[in-house]
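These notes concern the structure reproduced below.
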Amino acid sequence: GHTIDNVHNAVKLTINAGLIANVDFIFNLPNETEDDINLTINFMKNLSGLGAKIHAHTFMPLPLTVFANETVKEINEKTRKVISNL
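Letter by letter, the sequence shown follows residues 139 to 224 in this note's numbering.
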């Protein structure tokens, strides 16, 4: 996986090279807490402030994976509003 520092540095390097940094986030992963969501949103805002393009997605369980039987949850309206402005 990638650490927050890895992603932050990659975005800075990409933008400093004159390229567009596209960063994807997945919300509503199994066991994700409200604190996790808030930390993610703050990180998204930070990256957006650097010039990154932010893309948010909802977790989708795939067959034959450990999460295959998890339920899909919608992104709540508050979170949707915040990320739609990034």
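Think of the CB as a built atom: it goes at the ideal place given N, C-alpha and C, for glycine as much as any other residue.
Residues near residue i in its chain [Cβ-Cβ closer than 7 angstroms; skip 5 each side]
i	result
LEU200	ALA206
Between the CA atoms of residue j and residue i - distance to the nearest angstrom
i	j	result
ILE192	ASP162	6 angstroms
ALA186	LYS150	Checking the sequence, you will find Ser at residue 186 rather than Ala. Answer to the nearest angstrom: the Cα atoms are 11 angstroms apart.
VAL145	ALA159	10 angstroms
ASN184	THR203	32 angstroms
ASN180	SER222	14 angstroms
ALA190	ALA155	13 angstroms
ARG218	THR152	26 angstroms
LYS216	GLY139	28 angstroms
Spatial neighbours of residue i in its chain, beta-carbon cut-off 8 angstroms, leaving aside the 5 residues before and after
i	result
PRO168	PHE197, PHE205 and GLU208
Outcome for residue i when other beta-carbon atoms lying within 10 angstroms are tallied against a minimum of 16
i	result
THR178	buried
ILE164	exposed
Residue i - containing beta strand (DSSP E), residue span
i	result
PHE165	160-165
LYS191	191-196
Spatial neighbours of residue i in its chain, beta-carbon cut-off 6 angstroms, leaving aside the 5 residues before and after
i	result
LYS211	ASN166
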